[in-house]
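Chemist:
2 protein chains.
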Amino acid sequence: MLTKSSTELVRQRNSVLVLAALRRHGALAHTEIADFTKLSSATISAITADLEKAQIIEKSEHQAASGRGRPRVSFRQRRDCGYLVVVIISSDGVQYSLVDYAGKLIDRFNEERSHDPAGAERFVTSIREGLARILSRSKLPQEKVLLISISSKGLVHPTEPVLVWSPIFGSNQIDFESALRPEWQARILLGNETQLVAAALGAHEENTRPADFRALAALSLGHSIGLGIVRSAGQGEREISAPNFGHMLHMANGGLCRCGSKGCIEAYAGFYAILRMAFEVPLDTIPAKFVPIAELDKIAAQARHGHRMSAFAFRQAGIALGNGLSRLLSLTERMPIAITGPGTRYYDLLRQGIEEGLGQTHVVRMEGMPEIRVVPDESILVFEGHLDRALSVIDQELVMSGIQGAD
Amino acid sequence: MLTKSSTELVRQRNSVLVLAALRRHGALAHTEIADFTKLSSATISAITADLEKAQIIEKSEHQAASGRGRPRVSFRQRRDCGYLVVVIISSDGVQYSLVDYAGKLIDRFNEERSHDPAGAERFVTSIREGLARILSRSKLPQEKVLLISISSKGLVHPTEPVLVWSPIFGSNQIDFESALRPEWQARILLGNETQLVAAALGAHEENTRPADFRALAALSLGHSIGLGIVRSAGQGEREISAPNFGHMLHMANGGLCRCGSKGCIEAYAGFYAILRMAFEVPLDTIPAKFVPIAELDKIAAQARHGHRMSAFAFRQAGIALGNGLSRLLSLTERMPIAITGPGTRYYDLLRQGIEEGLGQTHVVRMEGMPEIRVVPDESILVFEGHLDRALSVIDQELVMSGIQGAD
DNA sequence: ATTATTTTCTCGACAGTCGAGAAATTTAGT
DNA sequence: ACTAAATTTCTCGACTGTCGAGAAAATAAT
Chain A
1 MLTKSSTELV
11 RQRNSVLVLA
21 ALRRHGALAH
31 TEIADFTKLS
41 SATISAITAD
51 LEKAQIIEKS
61 EHQAASGRGR
71 PRVSFRQRRD
81 CGYLVVVIIS
91 SDGVQYSLVD
101 YAGKLIDRFN
111 EERSHDPAGA
121 ERFVTSIREG
131 LARILSRSKL
141 PQEKVLLISI
151 SSKGLVHPTE
161 PVLVWSPIFG
171 SNQIDFESAL
181 RPEWQARILL
191 GNETQLVAAA
201 LGAHEENTRP
211 ADFRALAALS
221 LGHSIGLGIV
231 RSAGQGEREI
241 SAPNFGHMLH
251 MANGGLCRCG
261 SKGCIEAYAG
271 FYAILRMAFE
281 VPLDTIPAKF
291 VPIAELDKIA
301 AQARHGHRMS
311 AFAFRQAGIA
321 LGNGLSRLLS
331 LTERMPIAIT
341 GPGTRYYDLL
351 RQGIEEGLGQ
361 THVVRMEGMP
371 EIRVVPDESI
381 LVFEGHLDRA
391 LSVIDQELVM
401 SGIQGAD
Chain B
408 MLTKSSTELV
418 RQRNSVLVLA
428 ALRRHGALAH
438 TEIADFTKLS
448 SATISAITAD
458 LEKAQIIEKS
468 EHQAASGRGR
478 PRVSFRQRRD
488 CGYLVVVIIS
498 SDGVQYSLVD
508 YAGKLIDRFN
518 EERSHDPAGA
528 ERFVTSIREG
538 LARILSRSKL
548 PQEKVLLISI
558 SSKGLVHPTE
568 PVLVWSPIFG
578 SNQIDFESAL
588 RPEWQARILL
598 GNETQLVAAA
608 LGAHEENTRP
618 ADFRALAALS
628 LGHSIGLGIV
638 RSAGQGEREI
648 SAPNFGHMLH
658 MANGGLCRCG
668 SKGCIEAYAG
678 FYAILRMAFE
688 VPLDTIPAKF
698 VPIAELDKIA
708 AQARHGHRMS
718 AFAFRQAGIA
728 LGNGLSRLLS
738 LTERMPIAIT
748 GPGTRYYDLL
758 RQGIEEGLGQ
768 THVVRMEGMP
778 EIRVVPDESI
788 LVFEGHLDRA
798 LSVIDQELVM
808 SGIQGAD
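Chains as they are written, first to last, in the working numbering: chain A, 1 to 407; chain B, 408 to 814.
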C-alpha cells in the first residue's frame with residue numbers, strides 16, 4: 001500500500017535536500033543552495049532559518065567578498081551538532097574513528113583483536129570497551145553520538161544490524177543492536193565492507209557524471225571475496241546491497257571452502273584457495289585459516305616467471321571470479337565492476353581467467369564485456385563509504401526529529 | 408541528486424493513492440476511501456471532486472441503502488476514461504485483448520504466428536495489423552487507447568520497450584517504441600512474461616498479508632526457463648525485474664543451448680534439454696526447435712515407471728534449476744519461489760533435483776530451504792500482471808496530465 | 001412530525017512553495 | 001564624497017494543499 005503524503009513531508013524532503021547540497025559542495029550561500037536544489041529563494045530563506053534555529057547549520061562569518069553587490073553569507077553544518085563513530089572491523093584489528101557532523105575526523109585509534117573463533121561474546125565486549133574509550137577520550141556527552149557505523153567482512157542482515165556470518169565467527173551471529181542498545185541510544189548501522197566501497201564509488205560516480213549512473217559493483221579480493229552493489233533507485237536515492245558472492249556456488253561438489261560448503265567462489269579465488277591450488281594440495285583439505293600475503297607474493301612471482309602450477313592457480317581463481325560475475329550480470333543489468341582489495345596486485349595474473357570466465361555466458365557474449373576498473377586503495381573507500389551513508393542518515397534523522405525540537 | 412518536492416506533488420501522490428484504493432477494493436464511498444488511504448475526509452472531498460471534474464471517476468448511482476443515516480454514494484472509475492491493449496506473445500500465437508479503464512475485458516482474439524525466425528520485420532507488421540484490427544473492431548477513436556502492454560518470453564530491456572533477445576528471433580532486437588510510435592500515441596510497455604507473473608503474485612501477496620511482504624520470485628518452466636522477481640521498494644512501491652535466468656551459466660562448457668552458448672540453465676532444464684538427456688543424445692547437438700508436450704509427457708510417464716535415464720534427465724534438470732536458484736539466493740535476500748508454467752506437471756520428478764541443487768550452497772545451508780510453491784495456471788497470472796502494472800501506470804499518467812486538463 | 005444516526009460537504013486554520021519586488025550592502029565611476 | 005550599478009538576501013502576498021470541526025443532508029426508527 002502506498003503511503004499518504006502531506007505538506008510537512010514536503011518540507012522534510014526539501015530540508016534534507018538542502019543539507020545534502022551542503023554536504024556535497026561544502027559551505028554554500030543562499031543563492032548557491034537555490035541553484036543546486038532548484039528551490040526558490042524564498043523557500044531557501046525559510047528552510048535555512050528553520051535549520052539555523054534548530055542548531056543544525058550556522059552562518060559562516062568568513063566570506064571572500066568576491067565582486068560587487070551585497071556579499072554572500074554562506075551556511076555550513078554545525079560541527080558540534082552531532083557525532084559519528086565509525087568502527088571498521090578487519091581481520092587483524094578494529095579501528096575506531098570519531099567524526100563530527102561536518103565529516104571531519106576528530107580521533108582515531110586501532111585495537112588488536114584476538115583470533116579466537118569462539119570468542120564472539122568476548123569480541124562484543126571488546127567493541128563495547130572500544131566505544132567507551134573513544135567516548136571518554138573525546139569528553140563528549142554520550143547523547144551527542146548520534147550514530148555508530150560498523151563494518152565487517154561477511155554477510156550482514158539486509159535491514160537489521162546483525163552480522164549473520166563472518167569469516168572469523170562463522171555462523172555465530174552477532175546482533176549489534178541488542179549488544180549496544182543498553183548503553184547507547186545512538187542509531188546503529190552495520191555494513192559489509194565491500195558494500196561500503198561500492199557506496200563510496202557510487203557517490204563518486206554520481207558526483208562526476210550524475211546523469212547516466214545506474215549501477216556499479218565493487219569486487220574485493222583478499223583472504224575472502226566480497227561484493228557490493230550500488231544501484232540508483234528512484235528519486236535520486238542510492239540503494240546498496242551486499243550479496244553473499246564469495247560463497248555463491250561456483251562448481252557443484254567443488255573444492256572445500258572455509259565455510260564448510262563445497263565449491264564456493266572463495267574456495268577457488270580466496271588467497272588460501274590460490275595457495276592450495278598452487279601447491280597441488282587436494283581440494284578437499286581443510287583450508288588454511290590465514291595466509292601471509294608474502295606467501296602469495298612468492299607464488300605470484302613464480303607464476304610471472306612461468307611456473308605452470310602457480311599460473312594455473314591464479315587462472316582458476318580468475319575463472320571462478322569471471323563465472324561468478326557473469327552469473328551476477330545474468331541476474332542484474334549490465335554494470336561496471338570495480339575490483340579492489342589486496343588481491344588487485346595480482347590482477348595481471350587473474351585477468352585472463354576473469355575474462356575467460358566472463359565470456360562463457362550468454363549475456364556477456366550478447367552485451368559484451370562489462371567495464372572493469374582496478375581500484376587498489378580499498379581502506380580509504382571503506383571509510384568514505386561509512387561517511388557517505390552515515391552522514392546522510394544523520395541528516396535525515398536530524399530533520400525528522402530536530403525541527404519541532406527547536407527553541 | 409535528490410529531486411525537490413512541492414505541494415502539487417503531494418496532491419498527485421494522494422490522488423493516485425485514491426485511485427489505487429478504488430482499483431483494489433472496487434467502488435468505494437467517501438468514508439471508505441478515507442479509511443483505506445488514511446487521508447482526512449476533507450481531503451477526500453477535494454480529491455474526488457477534482458477527479459470527477461477531470462472525468463476520471465464518477466458517482467455510481469447504485470447503492471444498497473444499508474441501514475439508517477445518509478446513504479453512501481460510492482465512486483468508481485469511469486470505464487470510458489481510457490483503454491488498454493494487452494498483447495501477449497507466446498510461442499504459437501499472439502493474443503490481443505482490449506480492456507477498459509476499470510479493468511474489464513471488452514474484446515479478445517488470437518492470431519496465429521509464423522515460425523519464421525528471420526521474419527522479425529514481418530512479425531512487427533503483423534503486430535501492427537493486430538493492433539489496428541482490435542481498434543477497428545472496437546470503433547474507438549485511437550487516442551482513447553492510453554497504453555499498449557506487450558509481453559513476450561525472452562530478455563527485455565530494463566527501461567525501454569525493446570525485446571533484446573527472444574527464443575524465436577534470437578538477437579534480432581525488436582524495438583516496439585520505434586515500431587509503433589508513428590501510428591500510436593499510446594504509452595508502450597514491454598514486459599517479460601514471467602516478470603508479469605511475478606507482478607501478479609506480488610500484488611496478490613501484498614493484498615493478503617501486506618505487512619511482511621518483501622520479495623518473491625516466479626520461475627516459469629517450459630520450452631524455455633523464465634524468472635521474474637518482484638521486490639517491495641520504499642513507499643509501498645513494487646519493483647519488478649526479469650533477469651536472464653534461463654541463460655545464466657549452469658556449468659562451464661556444458662550442454663549446448665538454443666542461444667548458442669554452452670552450459671546455460673535452459674540447456675539442462677528446458678523441455679528440449681530434458682528430451683535430449685533422456686534420449687542420451689550428445690549434449691553438443693543442436694537442440695530441437697520445438698518439442699511437443701506429448702513427447703515430454705511420455706518421458707515423464709517412463710520416469711515415473713522407473714525408467715532410469717528418463718528419471719535422470721528430470722533430476723539433472725532439477726539440479727540445474729536448484730543450483731541456479733541457490734545462486735540467485737546468494738545474490739539477493741531470501742525469498743519465496745513460485746514455480747509456474749507447463750513444466751509444473753513434472754514437478755514430482757523435478758523436486759528432488761531442485762532440492763539437491765539448492766542444498767549445495769552456503770546460503771541455503773545457513774538459512775534453510777526457501778519456500779517453494781507450485782502455481783500451475785500461468786496464463787491467467789500473465790494477464791493479471793499486465794493489468795496490475797498497466798492500470799497503475801495509467802492512473803499515474805491520468806493524474807499527472809489530466810488534472811490541469813479539467814474543464 | 002420528530003429524533004437519532006450516519007454520511008457528505010464546507011469553512012477556517014495552518015503549513016508549505018513561489019514570484020516579485022523591497023531592502024541591504026558592496027564596488028565602480030565621477 | 002557621492003551616486004549609480006550590481007548583487008544578494010529578505011519579505012510579502014498569492015496560491016495550493018491538508019486537516020479538524022462542525023454544518024448540512026438524507027434516511028430509519030419512534
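Each residue gets a CB set at the ideal place from its N, CA and C atoms; glycine is no exception.
Output, in chain order, the set of chain A residues within a Cβ distance shorter than 7 Å of B/Leu728.
Modeler: Correct list: empty, because the minimum Cβ distance to chain A is about 13 Å.
Chemist: A/Asp212: which of A/Ile44, A/Ser220, A/Gly202 sits nearest, CA to CA?
Modeler: The candidate whose alpha carbon is nearest that of A/Asp212 is A/Gly202.
Chemist: Would you mind sorting B/Met807 into buried or exposed? The rule is 16 or more other CB atoms within 10 Å of its CB.
Modeler: Exposed is the call here.
Chemist: What residues in the segment 211 to 239 of chain A bring their beta carbon closer than 7 Å to a beta carbon of chain B?
Modeler: Cβ contacts with chain B come from Ala233, Gln235, Gly236.
Chemist: Can you confirm whether the segment 173 to 183 of chain A touches the segment 208 to 223 of chain A when touching is taken to mean that 3 or more C-beta pairs between the two stretches lie within less than 8 Å?
Modeler: Result no; under three Cβ-Cβ pairs closer than 8 Å.
Chemist: Within the continuous beta strand (DSSP E) that includes B/Glu518, where are the two ends?
Modeler: Note, B/Glu518: beta strand (DSSP E), 512 to 519.
Chemist: Are the C-beta atoms of A/Ser263 and some chain B residue less than 9 Å apart?
Modeler: Checking the sequence, you will find Gly at residue 263 of chain A rather than Ser. Yes, its Cβ sits closer than 9 Å to a Cβ of chain B.
Chemist: Decide if A/Lys289 is buried, meaning its Cβ has at least 16 other Cβ atoms within 10 Å, or exposed.
Modeler: The residue is exposed, with fewer than 16 neighbouring Cβ atoms inside 10 Å.
Chemist: Please report whether the beta-carbon of B/Glu778 lies at a distance below 9 Å from any beta-carbon of chain A.
Modeler: Answer no: the Cβ-Cβ gap between B/Glu778 and chain A never drops below 9 Å.
Chemist: Examine the Cβ distances between the segment 133 to 140 of chain A and the segment 66 to 73 of chain A and report whether three or more of them are shorter than 8 Å.
Modeler: Touching, no.
Chemist: With DSSP as the reference, identify every bridge partner of A/Cys264, one or two as the case may be.
Modeler: For A/Cys264, which the question treats as bridged, DSSP gives the partners A/Leu249.
Chemist: At a Cβ cut of 7 Å, what residues of the segment 751 to 773 of chain B count as close to chain A, listed as they run along the chain?
Modeler: Under the 7 Å Cβ criterion, the segment 751 to 773 of chain B contributes Gln767, Thr768, His769, Val770, Arg772, Met773.
Chemist: If we count the other Cβ atoms within 10 Å of its Cβ and call it buried at 16 or more, is A/Gly254 buried or exposed?
Modeler: Answer is buried; the Cβ neighbour count reaches 16.
Chemist: Mind checking who A/Gly93 pairs with in its DSSP beta bridge?
Modeler: DSSP, once it has assigned bridges, lists A/Glu112 as partnering A/Gly93.
Chemist: Could you give the first and the last residue of the continuous alpha helix (DSSP H) run that contains A/Arg276?
Modeler: Looking at the DSSP string, the run of the alpha helix (DSSP H) that includes A/Arg276 is 271 to 278.
Chemist: B/Glu778: which of B/Gln759, B/Ala745, B/Glu785 sits nearest, CA to CA?
Modeler: That would be B/Ala745, whose Cα lies nearest to the Cα of B/Glu778.
Chemist: For A/Met248, decide whether its Cβ has a neighbour in chain B, counting only Cβ atoms nearer than 9 Å.
Modeler: Yes - at least one Cβ of chain B is within 9 Å of the one on A/Met248.
Chemist: If you reduce the DSSP assignment to three classes, tell me which class B/Glu465 lands in.
Modeler: B/Glu465 falls in the strand class under three-state DSSP.
Chemist: Would you list the residues sitting across from B/Thr747 in a DSSP beta bridge?
Modeler: Per DSSP, B/Ser627.
Chemist: Contact defined as beta carbons within less than 8 Å: I believe B/Leu738 pairs with A/Leu328. What is the distance between those atoms, to the nearest angstrom?
Modeler: Contact holds; Cβ gap of about 6 Å.
Chemist: Taking Cβ positions, are B/Ala680 and A/Asn323 nearer each other than 9 Å?
Modeler: Against a cut-off of 9 Å, the Cβ pair of A/Asn323 and B/Ala680 comes out as no contact.
Chemist: Excluding five sequence neighbours on each side, which residues of the same chain lie with their C-beta closer than 7 Å to the C-beta of B/Val571?
Modeler: Correct list, in chain order: Leu562, Val563, His564, Gln580.
Chemist: From this set, A/Thr361, A/Gly260, A/Gln302, A/Lys262, which residue's C-alpha is nearest A/Leu275's C-alpha?
Modeler: Considering only alpha carbons, the answer is A/Gln302.
Chemist: Mind listing the chain A neighbours of B/Ala659? Cutoff is C-beta to C-beta under 7 Å, in chain order.
Modeler: Result: Asn323, Gln360.
Chemist: How long is the line joining the alpha carbons of B/Cys664 and B/Thr768, rounded to whole angstroms?
Modeler: Near 24 Å, if we compare the C-alpha coordinates of B/Thr768 and B/Cys664.
Chemist: So, using beta-carbon positions, are A/Ala102 and A/Phe169 closer together than 9 Å?
Modeler: No, these two residues do not count as a Cβ contact at 9 Å.
Chemist: For B/Asn421, I'd like the list of residues in its chain whose CB is within less than 8 Å of its CB, leaving aside the five on either flank, ordered along the chain.
Modeler: These residues qualify, in order along the chain: Thr444, Leu446, Thr450, Ile454.
Chemist: Which ranges would you report for the beta strand (DSSP E) in the segment 538 to 588 of chain B if only whole runs of at least 3 residues count?
Modeler: You should have 552 to 559, 569 to 572.
Chemist: Identify every run of the alpha helix (DSSP H) within the segment 688 to 723 of chain B, keeping only runs that are complete inside it and at least 4 residues long; order them along the chain.
Modeler: With a minimum length of 4 residues, the continuous alpha helix (DSSP H) runs that stay inside the segment 688 to 723 of chain B are 700 to 711.
Chemist: From A/Arg23 to A/Asn244, what does the alpha carbon distance come to, in whole angstroms?
Modeler: Each residue's alpha carbon lies about 32 Å from the other.
Chemist: Assign B/Gln803 to one of three DSSP states: helix, strand, or coil.
Modeler: Helix.
Chemist: For B/Arg621 and B/Arg645, I'd like the C-alpha separation in whole angstroms.
Modeler: Computed Cα separation, rounded: 9 Å.
Chemist: Going along the chain, which residues of its own chain have a beta-carbon closer than 6 Å to the beta-carbon of B/Asp814, five neighbours each way excluded?
Modeler: Unreliable positioning characterises B/Asp814 in this predicted model, as indicated by a pLDDT of 35, which lies under 50. A coordinate reading is not provided.
Chemist: Using a Cβ-Cβ cutoff of less than 6 Å, which residues in the same chain neighbour A/Leu19 once the five nearest sequence positions on both sides are dropped?
Modeler: So the qualifying residues of the chain are Asp395.
Chemist: With 9 Å as the threshold, decide whether the Cβ of B/Glu536 is near any Cβ in chain A.
Modeler: So, not an interface residue.
Chemist: Answer with buried or exposed for B/Gln549, where buried requires no fewer than 16 other C-beta atoms within 10 angstroms of its C-beta.
Modeler: B/Gln549 comes out exposed.
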